[in-house]
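Data block below; observations after.
There are 2 protein chains.
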Amino acid sequence: MNTINKNSETAITLWVKTASLTRKMDASLASVHGIGFLEYIVLHRLINAPGNAMRRIDLANAICRTASGVTRMLSPMEKIGLVEKADNPRDARVSRIKITKTGEEIYHDATNSLNEKSNQVMTHVSEKQIEGIIVSLDHMNL
Amino acid sequence: MNTINKNSETAITLWVKTASLTRKMDASLASVHGIGFLEYIVLHRLINAPGNAMRRIDLANAICRTASGVTRMLSPMEKIGLVEKADNPRDARVSRIKITKTGEEIYHDATNSLNEKSNQVMTHVSEKQIEGIIVSLDHMNL
DNA sequence: TAAATATACTTGATTATTCAAGTATTAATT
DNA sequence: AATTAATACTTGAATAATCAAGTATATTTA
Chain A
12 MNTINKNSET
22 AITLWVKTAS
32 LTRKMDASLA
42 SVHGIGFLEY
52 IVLHRLINAP
62 GNAMRRIDLA
72 NAICRTASGV
82 TRMLSPMEKI
92 GLVEKADNPR
102 DARVSRIKIT
112 KTGEEIYHDA
122 TNSLNEKSNQ
132 VMTHVSEKQI
142 EGIIVSLDHM
152 NL
Chain B
12 MNTINKNSET
22 AITLWVKTAS
32 LTRKMDASLA
42 SVHGIGFLEY
52 IVLHRLINAP
62 GNAMRRIDLA
72 NAICRTASGV
82 TRMLSPMEKI
92 GLVEKADNPR
102 DARVSRIKIT
112 KTGEEIYHDA
122 TNSLNEKSNQ
132 VMTHVSEKQI
142 EGIIVSLDHM
152 NL
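Going down the list, the sequences are from chains A and B. Basically my numbering = 1-based index in the first sequence + 11. Basically my numbering = 1-based index in the second sequence + 11.
Okay, here's the thing in structure tokens:
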């Protein structure tokens, strides 16, 4: 009769806590800025990318979604003017996506809310512990 | 111009890494045992609950899903015989759910796969680090 | 004790995401 | 150069999850 080990229990804890964290962030961002946490992450990646633009496939990998998922989630974001198509890819298969001026504004406003919320969530977590989480996650084979 | 802080960056890292972890676990469990990571977590909660049964609402809270979400995810699990209705709740609003004998078998087999996979993922993470993750997550206001 | 409020759950409609298949293009192989 | 294989992306069909509304029951309040 196999019993669950410490690493598996850790995986479960990570899953549940992150789900809870995501809900908090979603609520915090959606009410005021009209975007979810994942959409925020997309804007964050774009704004930190060279030329504020990325290939859709690279974005997909960065946010752990499929190419299809990216196509589908970007379409409404494009419609409300947060992102737009970027041009001149040498490779005609590629269509790059770019954050717009509006997207940047929303991003900066949302950053404020997110910072507040994450400070609130992590009030009782020390800087050393935060550093520890980052390092440990980085050591995982993911 | 607001810039993202360390805690928000940590939240993003947690989100992305956990998404990646979940994909690995899903793949590992689905191919062999026909269940996803979340379904495994449900079985895990049930098997560790008194009488191997829980109220649906408590299950919802435990896995960070809505009551509706639990109804919907339990229905196919019931159909394939992993869980079943438990009876005698004093409160007629409540319908408790219980893991079946079949569910227990699948759970124990799946535990084996999960343990292997999580060991593989966390080979380069020390016990101290694992402990650190658990403690830090526990200190968060979630 | 009657009425108002809260809780547990389900369901219809909607949104999000995936997979499999298809298109277009590029790169590798022969 | 022609064929084969690989890559980037989109789309139809299916699955998962949410929200809002509804039902039934229990609890609180007046």
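Every residue gets a Cβ at the ideal spot worked out from N, C-alpha and C, and that includes glycine. Quantities reported herein were computed from a predicted structural model and do not represent experimental measurements.
Rounded to whole angstroms, what is the Cα-Cα separation between MET133 (chain A) and ASP149 (chain B)? Locating residue 133 (chain A) in the first sequence gives position 122, where the first residue counts as 1. Locating residue 149 (chain B) in the second sequence gives position 138, where the first residue counts as 1. Rounded to the nearest angstrom, the two C-alpha atoms are 10 Å apart.
Cutoff 6 Å; reference MET88 (chain B); Cβ partners in own chain excluding five residues on either side: Numbered from 1 along the second sequence, position 77 holds the residue referred to as residue 88 (chain B). Once the five neighbours on either side are set aside, the close Cβ partners of MET88 (chain B) are VAL94.
Using beta carbons (cut-off 8 Å, strictly below), is LYS17 (chain A) in contact with chain B? Looking up residue 17 (chain A) in the first sequence gives position 6. Look at LYS17 (chain A): its C-beta is under 8 Å from a C-beta on chain B.
How is ALA71 (chain A) classed by DSSP in three states: helix, strand or coil? Against the first sequence, residue 71 (chain A) aligns to sequence position 60. Three-state DSSP puts ALA71 (chain A) in a helix.
Beta-ladder partner(s) of VAL94 (chain B), from DSSP: Position 83 of the second sequence holds residue 94 (chain B). Answer is B:ILE110.
Would you give the residue range spanned by the beta strand (DSSP E) that ALA64 (chain B) belongs to? By 1-based counting over the second sequence, the position of residue 64 (chain B) is 53. Per DSSP, ALA64 (chain B) is one residue of the beta strand (DSSP E) stretching across 64 to 66.
Name the chain B residues that come within less than 7 Å of ARG34 (chain A), Cβ to Cβ? On the first sequence, residue 34 (chain A) is found 23 positions in, with the first residue counted as 1. Correct list: CYS75.
Spatially closest choice to MET84 (chain B) from B:PHE48, B:ILE15, B:SER147 and B:HIS135, by CA coordinates: Here the question's residue 84 (chain B) lines up with position 73 in the second sequence. Measuring from the Cα of MET84 (chain B), the nearest candidate turns out to be B:PHE48.
Would you mind telling me which residues of chain B sit closer than 7 Å to SER147 (chain A), beta carbon to beta carbon, in chain order? What you label residue 147 (chain A) is simply residue 136 of the first sequence in a count that begins at 1. Ordered by position in chain B, the residues that pass the 7 Å Cβ test against SER147 (chain A) are VAL136, GLN140, GLY143 and ILE144.
I think VAL27 (chain B) touches ILE74 (chain A), with their Cβ atoms under 8 Å apart; what is that distance to the nearest whole Å? On the second sequence, position 16 is the one that residue 27 (chain B) refers to. On the first sequence, position 63 is the one that residue 74 (chain A) refers to. At roughly 7 Å, the Cβ-Cβ gap stays under 8 Å, so VAL27 (chain B) and ILE74 (chain A) are in contact.
Nearest to ASN18 (chain B) by CA position, among A:LEU153, A:LYS128, A:SER147 and A:VAL146, is which residue? As a working mapping, residue 18 (chain B) is identified with position 7 in the second sequence. The candidate whose alpha carbon is nearest that of ASN18 (chain B) is A:LYS128.
Using beta carbons (cut-off 8 Å, strictly below), is SER79 (chain A) in contact with chain B? As a position in the first sequence, residue 79 (chain A) is number 68, starting the count at 1. With 8 Å as the cut-off, SER79 (chain A) does not count as an interface residue toward chain B.
Close beta carbons around ALA71 (chain B), own chain, < 8 Å, minus the five adjacent residues each side: Taking the first residue of the second sequence as position 1, residue 71 (chain B) is located at position 60. For ALA71 (chain B), same chain residues with a beta-carbon under 8 Å away, outside a window of 5 residues either side, are THR77, ALA78, GLY80 and VAL81 in chain order.
Could you tell me if VAL136 (chain B) is buried or exposed, where buried requires 16 or more neighbouring beta carbons within 10 angstroms of its beta carbon? Position 125 of the second sequence, counted from the start, is the residue given in the question as residue 136 (chain B). By the neighbour-count rule (16 or more Cβ atoms within 10 Å), VAL136 (chain B) is buried.
What residues from chain B crowd round VAL132 (chain A), counting only those whose CB sits closer than 7 Å? As a first step, residue 132 (chain A) is located in the first sequence; it is residue number 121 there, counting from the start. Against chain B, the beta carbon of VAL132 (chain A) has neighbours under 7 Å at MET151, ASN152 and LEU153, listed in chain order.
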